[in-house]
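Below is one structure, written out as structure tokens; the observations come after it.
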Amino acid sequence: MVANRNREPCGPPVGVGNPDPRCTCISYAVNLISGRCGNGQLAVLPLSANATNGDHPLFPVSFNAYQTCAPDDFVLDSLPSGAVGMAGLSRQLLSLPNQVASKLKVAKKFALCLPSGGGQPGAAIFGGGPFVLQSQKPEDLTQSLAGSLPLVKNPKNSAYYFRVHGIAVNQQAVSLPAGVLDLDPRTGRGGAVFSTLTQYTTLRDDIYGKVLEAFEKATGGVQWVKPPPPFFRCFPESAFGSTLLGPGVANIDLMLDNGRNWTLPGASSLVPVAGRLCFAFQSMGSPASQAPDAPAIIFGTHQMQDNLVQFDLEKNTFGFSGLLLGRRTNCGNYNFKSS
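Okay, structure coming up:
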């Protein structure tokens, strides 16, 4: 978002100085879901949320935050039902994490726990933990975020990149071209990036084909069925047994820094669609159709679901819990009621 001050209705811009009553700030907002751009009003409005001790809400807190006001048909275009707007979570100064940290004097951290079930609440927590989820035995997930991994800065944009050194299927490394996952510091091309705008993890074509081939081999040659858009491969739902971690298929592992793996079991690698289980990864298409700074991996929300993921903007690190279904809980199990 970019904002500047203009005299209404469309006078010459005012560069510096204090605003007078006739001035307004025009913001140039982008709906990143629909791709639409438009003008809005930059406003300072109260924003309210609940403080928490990690186990339950304590009391409401409110502070004045910079926000963009624009017509609903622009702001809400293509957003899920019930959405009232969008929150920027980037490293930029006007992002929500930076405003919360500055106004409320908390750590410059935020955690996301995205739900998998329709209608279930998820959670966004600013300022750090603890993070307690309700289960048979309520558990603080703070320790599961220990050993955080470095975020990588791309010189071409401010997105949250991280290093992936390799991909394994069924504990066997997938044979990939040398350097295909690396981030080029000159062009900004390559690397892996988190995206809350991408539903299914998307791989560059030279990676996608190799991973799909390895996954199909690991399924034991189960016959695939006709996939509905946007999927490329689907299997009969009856082909695999059910486990605590989803369909009983081979795990996919992203091999990260410090010998860590982000393991994606059946609940993360497949998605149920009308009696089918579809491979929840997509291809970026041919290299000619990609931007010059296209990443190698766009890590999407389906693979982030039911994981607690924390971003530390001061230390430039991230941590993740792993799939919470293995702990017999999920992101819908935060206690949103006061004790």
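To convert, note that position 334 of the sequence shown is 334 in UniProt numbering; the numbers rise steadily by one, no gaps.
C-beta: ideal position from N, C-alpha, C; glycine also.
Thinking residue i and residue j are a contact (beta carbons under 8 Å), I'd like their distance in whole angstroms, please.
i, j, result
"residue 237", "residue 275", "5 Å"
"residue 156", "residue 188", "3 Å"
"residue 54", "residue 131", "6 Å"
"residue 192", "residue 296", "6 Å"
"residue 29", "residue 38", "6 Å"
"residue 263", "residue 322", "7 Å"
"residue 145", "residue 308", "7 Å"
"residue 310", "residue 109", "6 Å"
"residue 133", "residue 333", "5 Å"
Per DSSP, which one or two residues make a beta bridge with residue i?
i, result
"residue 254", "167 and 262"
"residue 246", "243"
"residue 139", "133"
"residue 49", "61"
"residue 161", "152 and 193"
"residue 39", "28"
"residue 67", "43"
Residue i: buried (16+ other C-beta within 10 angstroms of its C-beta) or exposed?
i, result
"residue 15", "Residue placement at residue 15 is poorly supported in this model, since its pLDDT is 40, which falls under 50; the coordinates still yield a value, given next. With fewer than 16 other Cβ atoms within 10 Å, it is exposed."
"residue 63", "exposed"
"residue 9", "Residue placement at residue 9 is poorly supported in this model, since its pLDDT is 38, which falls under 50; the coordinates are not used for a value here."
"residue 178", "exposed"
"residue 319", "buried"
"residue 172", "exposed"
"residue 250", "buried"
"residue 265", "buried"
"residue 84", "exposed"
"residue 241", "exposed"
"residue 158", "exposed"
"residue 71", "exposed"
"residue 12", "Only weak support exists for where residue 12 lies, its pLDDT of 40 falling under 50; the coordinates are left without a value."
"residue 69", "exposed"
"residue 338", "exposed"
Touch check for the stretch 269-283 and the stretch 78-97: three-plus C-beta pairs under 8 Å? no
Hey, is the stretch 283-293 in contact with the stretch 203-211, meaning 3+ C-beta pairs nearer than 8 Å? yes
Whether or not the stretch 116-123 and the stretch 140-157 are in contact is what I'm after, with contact meaning three or more pairs of Cβ atoms, one per stretch, closer than 8 Å; do they touch? no
Taking contact to mean at least 3 C-beta pairs separated by less than 8 Å, is the stretch 179-199 in contact with the stretch 292-304? yes
Does the pairing of the stretch 252-263 with the stretch 158-168 give three or more beta-carbon distances under 8 Å? yes
Given 8 Å as the limit, is there contact between the stretch 223-239 and the stretch 321-338, that is, 3 or more CB pairs closer than that? no
At a cut of 8 Å, does the stretch 106-114 reach the stretch 65-72 through at least three beta carbon pairs? no
Where are the alpha helix (DSSP H) runs, 4 residues long or more, that stay fully inside the stretch 274-338, in chain order? 301-304
Where are the alpha helix (DSSP H) runs, 4 residues long or more, that stay fully inside the stretch 185-240, in chain order? 205-218
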